[in-house]
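**Student:** To start, I am sharing the structure in question, which I have written as structure tokens.
Protein chains: 2
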Amino acid sequence: MKFKTFNPPVRTLMGPGPTDIHPRVLSAMARPTIGHLDPAFLSMMDEIKAMLRYAFQTKNVLTIPISAPATAGMETCVVNLVEPGDKVIVCVNGVFGLRMKENIERVGGLPILVEDRWGEVVDPDKLEDTIKKHRDARLVTLVQAETSTGVLSDAKTLVEVAHRYDCLTIVDAVTSFGGSPLKVDEWGIDAIFTCSQKCLSCTPGLSPVSLNDRAVEAIKKRRIKIQSWFLDLNLLMGYWGSKTRSYHHTAPINPLYGLHESLVMLHEEGLEKSWARHWHHHHALRSGLEAMGLSFLVKAEARLPQVNVIQVPPGVDEAILRRRLLEEYNLEVGAGLGALAGKVIRIGLMGYGANMKNVMYCLEALEAVLFEMRAPIQTGVAMNAAQSSSIQN
Amino acid sequence: MKFKTFNPPVRTLMGPGPTDIHPRVLSAMARPTIGHLDPAFLSMMDEIKAMLRYAFQTKNVLTIPISAPATAGMETCVVNLVEPGDKVIVCVNGVFGLRMKENIERVGGLPILVEDRWGEVVDPDKLEDTIKKHRDARLVTLVQAETSTGVLSDAKTLVEVAHRYDCLTIVDAVTSFGGSPLKVDEWGIDAIFTCSQKCLSCTPGLSPVSLNDRAVEAIKKRRIKIQSWFLDLNLLMGYWGSKTRSYHHTAPINPLYGLHESLVMLHEEGLEKSWARHWHHHHALRSGLEAMGLSFLVKAEARLPQVNVIQVPPGVDEAILRRRLLEEYNLEVGAGLGALAGKVIRIGLMGYGANMKNVMYCLEALEAVLFEMRAPIQTGVAMNAAQSSSIQN
């Protein structure tokens with residue numbers, strides 16, 4: 013067999029992730045590798061921790077990137093905070109709530125579900141009713157931004173409810189981090205995890221986590237050892253958190269260069285400005301989509317600006333639509349997950365990709381392909397009279 | 013606070029890892045990110061699997077990179093193959109054997125140690141004696157190349173012993189993979205893990221694993237669910253192994269570009285030639301070190317060419333020696349781990365870094381610094397009469 017260098021096609025990434033990466037971040041990842049105990053690297057690690065604290069809006073000492081994707085960040089929170097037999101209240105309104113349930117079961121925890129319809133927010137009243145029925149529960153988990161449905165739940169209120177009943181909270185902020193308001197200390201979130209891609213626009217493969225003193229205290233009081241050696245936060249803090257920097261595993265050097273650069277860029281822009289930019293471009297995209305006659309899965313007040321979940325018009329094959337966008341326009345949009353497969357597409361506007369060029373390109377490409385697929389859509393932004401009449405042919 | 017772009021110093025990496033990365037691999041990591049379900053990416057994944065099979069010398073279908081460092085590769089083998097209550101024979105002759113023991117305990121397994129002195133190979137007779145005493149053991153784990161001591165054990169013979177008693181084998185090939193002879197199918201290794209750095213010279217952060225049909229069969233026959241969702245090989249094969257490519261986690265796209273390129277380069281060079289190159293440069297380094305009067309921890313026939321563990325001369329502070337090499341020569345060599353801390357340095361010759369320029373630079377720098385530290389060493393390769401006499405001053 014013959015193998016050669018892989019030269020990827022240049023796509024526009026407007027799915028639920030990964031997102032377009034800024035050239036500065038791509039360049040950073042190509043810088044010469046240095047050792048994971050090199051003093052220069054250790055200083056860079058300190059900067060990463062400081063910038064993550066800014067992005068999470070926290071003073072938590074335990075704020076580090078896990079050396080694996082956000083799936084492992086979720087598992088980190090679960091294996092460190094849940095012990096066999098622990099009751100955990102799990103808010104589920106999409107794929108990632110269900111993933112949390114699965115993780116809790118694998119630790120021997122007992123998940124109690126608070127279920128809301130896919131496409132709707134987590135209902136704080138339902139959460140409160142469930143906790144009242146399970147006063148022995150120690151933990152509540154929730155997804156702030158459900159990537160599978162494009163819903164932004166009210167994490168602040170949900171955390172308040174949990175605390176009212178002395179429960180710790182684990183929050184999934186994978187798609188909100190850097191793109192939507194998130195204030196870990198002000199809202200009192202106890203443990204949170206996110207990813208390096210999406211609104212940060214770094215390569216996938218790292219998962220920043222942050223735990224407050226209450227969560228750290230809970231880990232110290234565990235009855236049994238943490239079941240994962242790789243994700244044991246006590247051991248990880250020996251490398252990331254201590255002055256001695258004891259070896260645990262070899263850190264992913266070049267991806268961490270990328271994470272550092274993406275955080276520098278977030279810091280330069282300012283967190284509030286980044287939140288506003290995501291909101292602004294979501295509105296521009298929404299106007300265009302609505303002008304085309306397309307509708308959102310989620311009602312306006314619950315929408316996550318970063319992931320726009322659009323109902324596929326009747327008669328349009330969703331897989332063909334996505335394939336044509338990819339093949340003819342090098343444009344990636346996402347498929348529906350789970351119960352939504354085949355029924356929706358997910359359009360991401362995240363990080364570097366949340367810009368006007370992407371918004372306009374996506375609207376034009378979508379309209380052109382839908383037009384050719386003879387979808388029963390209204391005349392829209394880029395459709396002239398001649399084109400409209402040809403729909404009848 | 014003010015943060016700016018991190019520009020790493022340009023080091024020569026001759027520790028136990030990470031290693032110098034070839035510019036082709038660095039460039040690959042800076043290529044534009046594409047989606048983890050993009051057809052172009054899926055083809056690249058297939059090539060990675062095929063090239064990993066070549067590098068492992070196996071036909072195993074289940075041959076994939078785990079999206080995390082080799083520590084997670086080890087954990088993958090353990091959580092998939094070990095169940096609570098399982099007796100596992102663990103060969104320990106350094107840090108990484110002990111790490112395996114720790115992993116097995118966290119799954120609820122019962123490790124039975126076969127201990128050899130640090131700096132010596134795993135003794136096949138001791139292994140056999142131990143298995144005979146524990147005929148209910150299902151598994152044997154061993155480290156082919158102990159990075160902490162610079163020892164290459166005879167994996168082929170050890171696996172034969174294990175199979176004689178119907179035990180499956182897990183082999184740690186983190187430092188041998190690509191650099192020393194390793195033949196997974198011919199030797200009958202059941203499960204093996206390695207890393208993306210070291211002899212492959214890619215960024216740290218990925219861990220190729222390979223499991224044969226016997227190991228896959230053992231996973232299918234498990235009594236209880238695998239305790240890690242992230243490292244569950246059944247789920248991972250749904251993404252890496254199936255035609256449908258179901259979403260599990262978002263793959264670390266850019267690091268995988270790097271892994272692909274490093275495997276292309278290994279393929280271009282040829283596996284046997286890479287093994288020979290590592291051996292050849294080890295010999296060159298050895299000659300120079302011996303001419304300086306320095307001695308190896310490990311006897312000649314057990315030495316791992318990739319990690320040269322050198323005893324620090326009496327009177328020389330090992331930490332100062334390493335710091336001076338780093339600060340004055342931008343040269344990284346490794347410290348001793350565990351019981352060997354302060355007593356040895358570890359000089360890596362791996363992957364792209366196994367070249368004559370590095371060998372000569374390392375010898376010159378080491379001699380110059382040791383000379384200035386007035387170590388009681390013999391006259392050596394780069395030391396002239398005047399310098400020698402000044403030692404007496």
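If you're matching them up, the sequences are chains H and C in order.
Using this note's numbering, read the first sequence as starting at 13 and increasing by one per residue.
Using this note's numbering, read the second sequence as starting at 13 and increasing by one per residue.
We treat Cβ as the ideally placed atom computed from N, Cα and C, and that holds for glycine.
Whole angstroms are fine: how far does the CA of Leu110(C) sit from the CA of Thr206(H)?
**Tutor:** One C-alpha to the other measures close to 32 Å.
**Student:** Run through DSSP, which three-state label would Pro21(C) get?
**Tutor:** Coil.
**Student:** Any Cβ of chain C within less than 8 Å of the Cβ of Arg10(H)?
**Tutor:** The structure shown does not extend to residue 10(H), since chain H is modelled only from 13 to 405, so the question has no answer here.
**Student:** Does any residue of chain C bring its CB to less than 8 Å from the CB of Tyr177(H)?
**Tutor:** Output row for Tyr177(H): interface = no.
**Student:** With a cut-off of 8 Å, does the C-beta of Gly47(C) fall near any C-beta of chain H?
**Tutor:** By this cut-off, Gly47(C) is an interface position.
**Student:** Answer yes or no: do Arg43(C) and Tyr269(C) have a C-beta to C-beta separation smaller than 8 Å?
**Tutor:** Result yes, Cβ atoms of Arg43(C) and Tyr269(C) sit closer than 8 Å.
**Student:** For the putative contact between Ser219(H) and Ile116(H), defined by C-beta atoms under 8 Å, what is the C-beta separation to the nearest angstrom?
**Tutor:** With 8 Å as the limit, Ser219(H) and Ile116(H) do not qualify as a contact, their Cβ atoms being about 18 Å apart.
**Student:** What residue range does the alpha helix (DSSP H) around Glu114(C) cover?
**Tutor:** Counting along the chain, the alpha helix (DSSP H) containing Glu114(C) begins and ends at Val107 to Arg118.
**Student:** Taking Met13(H) as the reference, which of Ala303(C), Thr161(C) and Glu280(C) has the closest Cα?
**Tutor:** Cα-wise, what sits closest to Met13(H) is Glu280(C).
**Student:** Hey, quick one: how far does the beta strand (DSSP E) through Ile12(H) stretch, first residue to last?
**Tutor:** Shown here, chain H extends from 13 to 405; a query on residue 12(H) therefore has no answer.
**Student:** Just to check, is the beta-carbon of Pro44(C) closer than 7 Å to a non-hydrogen atom of the ligand ZN?
**Tutor:** The ligand ZN is absent from the structure shown, which contains no ligand whatsoever.
**Student:** When DSSP builds the beta bridges, which residues end up paired with Asn320(H)?
**Tutor:** Looking at the DSSP assignment, Asn320(H) forms a beta bridge with Ile359(H).
**Student:** Per DSSP, what are the beta-bridge partners of Phe205(C) in this structure?
**Tutor:** For Phe205(C), which the question treats as bridged, DSSP gives the partners Asp184(C) and Val221(C).
**Student:** Strictly by DSSP, which residues pair up with Glu127(C)?
**Tutor:** Val104(C).
**Student:** Taking Lys168(C) as the reference, give the member of Ser160(C), Thr161(C), Ala185(C) and Gly162(C) with the closest Cα.
**Tutor:** Of Ser160(C), Thr161(C), Ala185(C) and Gly162(C), the residue nearest in Cα terms is Ala185(C).
**Student:** Quick check: the Cα distance between Glu158(H) and Ala312(H), rounded to an integer number of angstroms?
**Tutor:** The alpha-carbon atoms of Glu158(H) and Ala312(H) are separated by roughly 15 Å.
**Student:** Between the Cα of Ile408(C) and those of His292(C), Val94(C), Arg147(C) and Thr161(C), spot the shortest distance and give me the residue it belongs to.
**Tutor:** Past the boundaries of the shown model lies residue 408(C); chain C is included only from 13 to 405, so the question cannot be answered.
**Student:** Residues in the same chain with beta-carbon distance under 8 Å from Arg147(H), minus the five sequence neighbours each way, listed in chain order, please.
**Tutor:** So the list reads Tyr177, once near-sequence residues are dropped.
**Student:** Use the C-beta contact count for Thr75(H): other C-beta atoms within 10 angstroms, 16 or more gives buried, fewer gives exposed.
**Tutor:** Label assigned to Thr75(H): buried.
**Student:** Closer than 8 Å, CB to CB, is Ser254(C) near chain H or not?
**Tutor:** It does not: the Cβ of Ser254(C) has no partner Cβ on chain H nearer than 8 Å.
**Student:** Ignore the nearest five residues each way along the sequence and tell me which others in Thr24(H)'s own chain have a CB closer than 8 Å to its CB.
**Tutor:** Closer than 8 Å at the Cβ level, and outside the excluded window around Thr24(H), lie Asp32, Tyr341, Asn342, Leu343, Glu344, Gly365, Asn370, Tyr373 and Cys374.
**Student:** Does DSSP put Ser400(H) in a helix, a strand or coil?
**Tutor:** Reliability of the predicted coordinates at Ser400(H) is poor, the pLDDT of 38 falling under 50, and the value obtained from them is presented with this limitation in mind. The answer is helix: DSSP assigns Ser400(H) an H, G or I state.
**Student:** With 16 other CB atoms within 10 Å as the buried threshold, where does Asn224(C) fall?
**Tutor:** So Asn224(C) ends up on the buried side.
**Student:** Excluding the five sequence neighbours on either side, which residues of its own chain have a C-beta within less than 8 Å of the C-beta of Met368(H), listed in chain order?
**Tutor:** Here the set comprises His293 and Ala296.
**Student:** Suppose you measure from the CA of Arg347(C) to the CA of Pro28(C); what does that come to, to the nearest Å?
**Tutor:** The question names Arg, but residue 347(C) in the sequence shown is Ala. Each residue's Cα considered, the two are about 9 Å apart.
**Student:** Does DSSP put Ile236(H) in a helix, in a strand, or in coil?
**Tutor:** DSSP places Ile236(H) in coil when its eight states are reduced to three.
**Student:** Can you pull the chain C residues whose beta carbon is under 9 Å from the beta carbon of Gln156(H), in chain order?
**Tutor:** Going along chain C, no residue has its Cβ under 9 Å from Gln156(H), so there is no contact; the nearest lies around 18 Å.
**Student:** Write down the C-beta distance between Gln239(C) and Val102(C) rounded to the nearest angstrom, noting that I regard them as a contact closer than 8 Å.
**Tutor:** Actually they are not in contact, since the Cβ atoms of Gln239(C) and Val102(C) sit about 19 Å apart, beyond 8 Å.
**Student:** Please name the residues in the region 216-250 of chain C whose beta-carbon is closer than 9 Å to at least one beta-carbon of chain H, in chain order.
**Tutor:** So the close ones are Pro216, Gly217, Leu218, Lys237, Ile238, Gln239, Ser240, Trp241, Phe242, Leu243 and Asp244.
**Student:** Using the Cα positions of Leu151(H) and Ile182(H), report the straight-line distance between them to the nearest angstrom.
**Tutor:** Leu151(H) and Ile182(H): Cα-Cα distance of roughly 8 Å.
**Student:** From Leu170(C) to Tyr66(C), what distance separates their C-alpha atoms?
**Tutor:** So the alpha carbons of these two residues sit roughly 22 Å apart.
**Student:** Let me confirm a value: Ala377(H) is counted as buried when at least 16 other C-beta atoms fall within 10 Å, else exposed. Which label applies?
**Tutor:** Buried: at least 16 other Cβ atoms inside 10 Å.
**Student:** Please tell me whether Lys16(H) has its Cβ less than 8 Å away from any Cβ of chain C.
**Tutor:** True, the Cβ-Cβ gap to chain C drops below 8 Å.
**Student:** Which two residues bound the contiguous alpha helix (DSSP H) that contains Ile265(H)?
**Tutor:** Taken as a continuous stretch (DSSP letters only), the alpha helix (DSSP H) holding Ile265(H) covers Ile265 to Glu281.
**Student:** Near Asn320(C), what residues of its chain come up, given a Cβ to Cβ distance below 8 Å and the 5 sequence neighbours on each side ignored?
**Tutor:** Here the set comprises Gly162, His294, Leu297, Arg298, Leu301, Phe308, Arg358, Ile359, Gly360 and Leu361.
**Student:** So with CB distances below 9 Å, who are the chain H contacts of Gly27(C)?
**Tutor:** Near Gly27(C) (Cβ distances below 9 Å), the residues of chain H are Gly47 and Leu49.
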